[in-house]
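I have placed the structure first, in the form of structure tokens, so that the comments after it can refer back to it.
In this note's numbering, the protein residues as written are 121 to 207.
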């Protein structure tokens, strides 16, 4: 145990750990975030009339099903018929 403590007290190891942790957050700045952000809306579509704001709206669920990724969003949206409202 004392060897492990000595290793983590070394400044080079602390710098390496800090670089690795900051690299993880640089690659995925919000690793625990869920939902998808609306990046664009087709003109003259219901979303356009509903007033969705680009980059400010986040879809976290569709019909009470959680949306955790873009893949989830498209798979849940693909089972919704056209011209049907979703919650």
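Just so you know, even glycine gets a beta-carbon here, dropped at the ideal spot from N, CA and C.
What you are looking at is a predicted structure, and each value in this text was computed from that prediction instead of being measured.
When the Cα atoms are used, residue 189 and residue 122 turn out to be separated by approximately 43 Å. Within the same chain, 182 come within 7 Å of residue 197 by CB-CB distance, once the 5 residues on both sides are set aside.
Taking 7 Å as the cut-off, the beta carbon of residue 155 is found closer than this to the beta carbon of residue 187. By a beta-carbon distance limit of 8 Å, residue 161 contacts residue 174. Their separation comes to about 7 Å.
Taking 7 Å as the cut-off, the beta carbon of residue 133 is found closer than this to the beta carbon of residue 127. Taken in chain order, the complete alpha helix (DSSP H) segments of 4 or more residues contained in the stretch 148-205 are 166-170, 190-198.
Counting only the Cα atoms, residue 157 lies some 10 Å from residue 193. A direct Cα-to-Cα measurement between residue 202 and residue 145 gives close to 39 Å.
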